[in-house]
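J.: Take this structure, written in structure tokens, and hold onto it; I'll ask about it next.
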Amino acid sequence: MPSKESMAIKELLTAEGFNLKWENAGTIRQYIEELPSYPALSEEQEGFETRCFQSESGMSMNYYVSHGALEQGTVIYLHGGAYIEEILPPHFAFAKQWTKRTGFTVITPNYPTVPAIDAKKLTGLMREFYKYVFALVKSPVFLMGDSAGGALALDMAQSVKESPLTPKGLILLSPWADAATDNPQIAGLNIPRRDIFLQPAGLGEVGRMYAGSLLLDDPAVSPLFGEMRGLPRTVILVGTDDCLLPDARRLQDKMVREGVDTEYWEYENMMHVWPLFPMPEAEDALERMFQWVASN
3 MPSKESMAIK
13 ELLTAEGFNL
23 KWENAGTIRQ
33 YIEELPSYPA
43 LSEEQEGFET
53 RCFQSESGMS
63 MNYYVSHGAL
73 EQGTVIYLHG
83 GAYIEEILPP
93 HFAFAKQWTK
103 RTGFTVITPN
113 YPTVPAIDAK
123 KLTGLMREFY
133 KYVFALVKSP
143 VFLMGDSAGG
153 ALALDMAQSV
163 KESPLTPKGL
173 ILLSPWADAA
183 TDNPQIAGLN
193 IPRRDIFLQP
203 AGLGEVGRMY
213 AGSLLLDDPA
223 VSPLFGEMRG
233 LPRTVILVGT
243 DDCLLPDARR
253 LQDKMVREGV
263 DTEYWEYENM
273 MHVWPLFPMP
283 EAEDALERMF
293 QWVASN
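Put into structure tokens, the structure is as follows:
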């Protein structure tokens, strides 16, 4: 039985019509047109140090550092937002919670967004950023991402697997592993009626925009189609009221087939990226994640 807190959050998001912008190609394109141009996020964020990363190609982005008291680990956290949103307050709160509970330093890049960037350029930038951070820190590095950030984290891990740069662990929360979002099981399981966060039609449209000149099944666009063998220990979290559920299951199956040490945590009645919200189910998932990291 879902908690009263989770039910209240679902009711609030439903009342706000949160998922309406995802109904079709037209509604999501209109929403994107109304968003401010990147970068719009303030450089000053309470509890974070702001730094700037400059790529070899001349691209730049700010990243935010929540400094941990311990040197035992660093988490590179890739925020969600379907490649169209910059970091939002729940992402910053989530990063600070990780630092407070684990003592780890958390590094959160505010990466460029669609339509200003596409998959080829963004994955190139983030792979370069990962190598930069890996060389900078002196503690084990974990990669973590939610939704679109989960796809970026997976791509970054795939780009360095079976090398000295392999991260210590990989945490994928509601990962958007297939940008097409056209798995027939989404409708087959009647998920769109329960998903108060996303809808597959709008997501698929953004996926096509993000792909740019690449095919939707190119691993740089949809890391579900990349090679998994050689990845580090991985945990996948997803809720049953999330349109990304069927592809999270496919991702877990593929990882297991290709020999990745994988844990799969599926939460009944939970919405997209629920650990970012104040509810008992989030506390449970967070505690499990903290324990998983500590066991690496």
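According to our numbering, the stretch in the sequence shown is residues 3 to 298, in order.
Even for Gly, the Cβ is constructed at its ideal location relative to N, Cα and C.
1. Indicate the three-state DSSP secondary structure (helix, strand or coil) for Asn-308 in the structure shown.
2. Less than 6 Å between C-beta atoms, sequence neighbours within five positions excluded: which residues of the same chain meet that for Pro-142?
3. Can you check which of these residues, Ile-109, Glu-270, Ser-5 and Asp-286, is closest to Phe-55 by C-alpha distance?
4. So Ile-86 and Leu-37 are supposed to be a Cβ contact under 8 Å. How far apart are they, rounded?
5. In this structure, how does DSSP classify Trp-178 when only helix, strand and coil are distinguished?
6. Within this structure, are the beta carbons of Lys-2 and Glu-229 separated by less than 9 Å?
7. Out of curiosity, what's the CA-to-CA distance linking Asp-120 and Thr-29?
8. Quick one: is Arg-259 buried, meaning 16 or more other Cβ sit within 10 Å of its Cβ, or exposed?
9. Closer than 6 Å by C-beta to Gly-151: which residues in its own chain qualify, once you throw out the five before and the five after it? Chain order, please.
10. Who are the near neighbours of Lys-12 in its chain, counting only those whose CB is closer than 7 Å to its CB and skipping five residues on each side?
11. Confirm, please, whether the CB-CB distance from Leu-175 to Met-158 is below 9 Å.
12. What residue from Phe-106, Val-237 and Met-211 has the CA that sits closest to Thr-264's CA?
13. Nearest to Gly-147 by alpha carbon, out of Phe-292, Gly-49, Pro-280 and Val-275?
14. Please report the distance separating the alpha-carbon of Gly-105 from that of Glu-289.
15. So what's Leu-253 in DSSP terms, helix, strand or just coil?
16. For Gln-293, which three-state DSSP category applies?
17. Using the C-alpha atoms, what's the distance from Glu-88 back to Ala-254?
18. Going by DSSP, name the residue or residues bridged to Met-272.
19. Use the C-beta contact count for Pro-91: other C-beta atoms within 10 angstroms, 16 or more gives buried, fewer gives exposed.
20. For Tyr-33, tell me which candidate among Phe-292, Leu-43, Asn-21 and Arg-196 has the shortest Cα-Cα distance.
21. In the DSSP output, what is Thr-16 paired with across the bridge?
22. Quick one: what does DSSP say Met-164 is sitting in, helix, strand or coil?
T.: On the basis of the coordinates in this document:
1. Summary: the structure shown does not reach residue 308, with the chain confined to residues 3 through 298, and so no result is reported for it.
2. On the sequence shown, position 140 is the one that residue 142 refers to. Gly-75 and Lys-170.
3. Translated into the one-based positions of the sequence shown, residue 55 becomes position 53. The shortest Cα separation from Phe-55 among Ile-109, Glu-270, Ser-5 and Asp-286 belongs to Ile-109.
4. What you label residue 86 is simply residue 84 of the sequence shown in a count that begins at 1. What you label residue 37 is simply residue 35 of the sequence shown in a count that begins at 1. Yes, Ile-86 and Leu-37 are in contact; Cβ-Cβ is about 7 Å, under 8 Å.
5. Reading the sequence shown from its first residue, position 176 is the one you call residue 178. The answer is coil: DSSP assigns Trp-178 none of H, G, I, E or B.
6. Here the chain covers residues 3 to 298 and nothing more, so residue 2 does not appear.
7. By one-based count along the sequence shown, residue 120 stands at place 118. By one-based count along the sequence shown, residue 29 stands at place 27. Their backbone Cα atoms lie some 20 Å apart in a straight line.
8. One-based indexing of the sequence shown puts residue 259 at position 257. Arg-259 should be labelled exposed.
9. Translated into the one-based positions of the sequence shown, residue 151 becomes position 149. These residues qualify, in order along the chain: Leu-80, His-81 and Gly-82.
10. Stepping through the sequence shown from its first residue, residue 12 is reached at position 10. So the list reads Ile-198 and Met-273, once near-sequence residues are dropped.
11. Translated into positions along the sequence shown, residue 158 becomes position 156. Translated into positions along the sequence shown, residue 175 becomes position 173. It is not a contact, given that the beta carbons lie outside the stated cut-off.
12. The residue labelled residue 264 in the question sits at position 262 within the sequence shown. Among Phe-106, Val-237 and Met-211, the Cα nearest to that of Thr-264 is on Val-237.
13. Residue numbering aside, residue 147 sits at position 145 when the sequence shown is read from its first letter. The residue with the shortest Cα to Cα distance from Gly-147 is Val-275.
14. Mapped onto the sequence shown, residue 105 falls at position 103. Mapped onto the sequence shown, residue 289 falls at position 287. Distance between the alpha carbons of Gly-105 and Glu-289 is about 14 Å.
15. One-based indexing of the sequence shown puts residue 253 at position 251. The three-state secondary structure of Leu-253, taken from DSSP, is helix.
16. Translated into positions along the sequence shown, residue 293 becomes position 291. Helix.
17. The sequence position of residue 254 within the sequence shown is 252, counting from 1. The sequence position of residue 88 within the sequence shown is 86, counting from 1. A quick correction: the sequence has Gln, not Ala, at residue 254. The alpha-carbon separation between Gln-254 and Glu-88 amounts to approximately 28 Å.
18. For this step, residue 272 is matched to residue 270 along the sequence shown. Residue pairing by DSSP places Met-272 in no beta bridge whatsoever.
19. Here residue 91 corresponds to residue number 89 of the sequence shown, with the count starting at 1. With fewer than 16 other Cβ atoms within 10 Å, it is exposed.
20. By one-based count along the sequence shown, residue 33 stands at place 31. That would be Asn-21, whose Cα lies nearest to the Cα of Tyr-33.
21. The residue labelled residue 16 in the question sits at position 14 within the sequence shown. DSSP output for Thr-16 lists no bridge partner at all.
22. On the sequence shown, position 162 is the one that residue 164 refers to. The displayed chain sequence assigns Glu, not Met, to residue 164. The answer is coil: DSSP assigns Glu-164 none of H, G, I, E or B.
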